[in-house]
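Shown next, in structure tokens, is the structure this report addresses.
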Amino acid sequence: MLMKFLPALVLLLLPAIAGAADISGVPRIREGDHIQIGHARIRLGGIDAPAADQLCLNTKGERWTCGVVARDELIKHAGGKSWACHVRQTDRRGRQVARCEVGGEDIQKWMVANGWALAYLRFSKDYEADEKAAREAKAGMWQGAFIAPWDWRVRNKKTAILGAVNPPENARAILLASASGPVAPSPDCTIKGNVNRSGECIYHQPTSRWYAKIQMKVSKGTRWFCSVEDAEAAGCRETRR
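Going left to right, the sequence shown walks through residues -20 to -1, 1 to 221 as mature numbering (1 follows the signal peptide of the UniProt record, and there is no 0) numbers them.
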């Protein structure tokens, strides 16, 4: 009798099996919302954290590399531990969008509640209450001034300035810039990106022929990348010389 109903039972279970595409292991944490486990690149769904070269202002109105700090806080909290990521879909950059846990703790919830990421309300309202709590507690980025990561990526000059600090008049220009000073924002973010005369974004690895000659200045449209994948995802190609 069991064998008679087995095919039907398998069919009923197929959707659950298909939706249970889990990835687990100890990740390499690339940014506050981007990790890699093995060959799988994973985007933490429902949140948006600052990129490694995004700048914020502290309580004194001074610049600081909040993107690097957000990543490093995640590393301190959950780096070196085994993660379990429940994949929901694949984004346009080929990354697995997932909800990740460490020892039963929702990592996205922790990032938003501690002020190191925002709830990405365009895609999910799962962490809206956590963002409100972080804002009221002036946690993480909320203690100073910053712009939303999604506005920073497109350099939206009309974006609102978020945070608890009354920013200086030139705050928007500062916050829309990237940490493109002569020194990399982090020791593992040393790939240089610049725009050539044709308007193309080119990236240069430390071993590239012209690497030392690329001057990292905001006015020249340069920026630092932490990986080749990040550079190519931003629309840059590797130098041909």
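Every residue, glycine too, gets a C-beta built ideally from N, C-alpha and C.
Given residue i as reference, the closest of the options once Cα atoms are compared
| i | options | result |
| --- | --- | --- |
| K137 | N146, G74, I127 and V145 | I127 |
| R79 | R73, H66 and D33 | H66 |
| R8 | E218, R217, C216 and S207 | S207 |
| I154 | H19, N38 and N176 | N38 |
| D168 | W130, G83, V48 and G41 | V48 |
| G143 | D28, G41 and L24 | G41 |
| V145 | A58, T202, P129 and R115 | R115 |
| D210 | R189, C181, I194 and R220 | C181 |
| W90 | L54, R102 and T139 | L54 |
| K118 | I194, N94 and R152 | N94 |
| D71 | R102, T139 and R23 | R23 |
Per DSSP, the bridge partner or partners of residue i
| i | result |
| --- | --- |
| Q16 | R8 and R21 |
| Y183 | G173 and E218 |
| L142 | F126 |
| V67 | A78 |
| W204 | K172 |
| D86 | E81 |
| F3 | The amino acid at residue 3 is misidentified as Phe; the sequence shows Ile. BP columns for I3 point to C65. |
| I27 | A99 |
CA-to-CA distance, residue j to residue i, given in whole angstroms
| i | j | result |
| --- | --- | --- |
| A113 | W122 | 10 Å |
| M196 | E212 | 18 Å |
| Q69 | Q76 | 6 Å |
| P165 | L35 | 10 Å |
| W44 | E85 | 29 Å |
| R21 | I15 | 6 Å |
| R10 | E149 | 33 Å |
| W63 | V6 | 6 Å |
| A214 | L156 | 16 Å |
| G60 | A125 | 31 Å |
| N176 | P147 | 33 Å |
| T187 | A29 | 30 Å |
| N216 | G179 | The question names Asn, yet the displayed sequence has Cys at residue 216. Approximately 11 Å between the Cα atoms of the pair. |
| C46 | W204 | 14 Å |
| Q88 | I141 | 23 Å |
| G83 | I194 | 44 Å |
| K57 | T219 | Correcting the residue identity first, residue 57 is His in this sequence and not Lys. H57 and T219: Cα-Cα distance of roughly 37 Å. |
| R152 | A97 | 19 Å |
| V163 | N174 | 15 Å |
| T170 | L101 | 32 Å |
Residue i - DSSP class collapsed to helix/strand/coil
| i | result |
| --- | --- |
| I194 | coil |
| R75 | coil |
| R115 | helix |
| R43 | strand |
| L101 | coil |
| D106 | coil |
| G60 | coil |
| V163 | coil |
| R189 | coil |
6 Å Cβ shell around residue i - same chain, five flanking residues per side excluded
| i | result |
| --- | --- |
| S104 | G26 |
| A99 | V92, Y107, E108 and E111 |
| I17 | I3, G5 and P7 |
| W130 | D28 |
| E81 | A64 |
| G120 | N94, G95 and W96 |
| L139 | The amino acid occupying residue 139 in the given sequence is Thr; Leu does not appear at that position. I127 and D131. |
Same chain, Cβ closer than 8 Å to residue i, five either side skipped, listed in chain order
| i | result |
| --- | --- |
| R133 | A31 |
| Y191 | K172, H184 and Q185 |
| R135 | L156 |
CB contact check: residue i to chain E, cutoff 7 Å
| i | result |
| --- | --- |
| T39 | The chain labelled as chain E is not found in the depicted structure, where only one protein chain is given. |
7 Å Cβ shell around residue i - same chain, five flanking residues per side excluded
| i | result |
| --- | --- |
| R51 | I9, E11, G12 and A32 |
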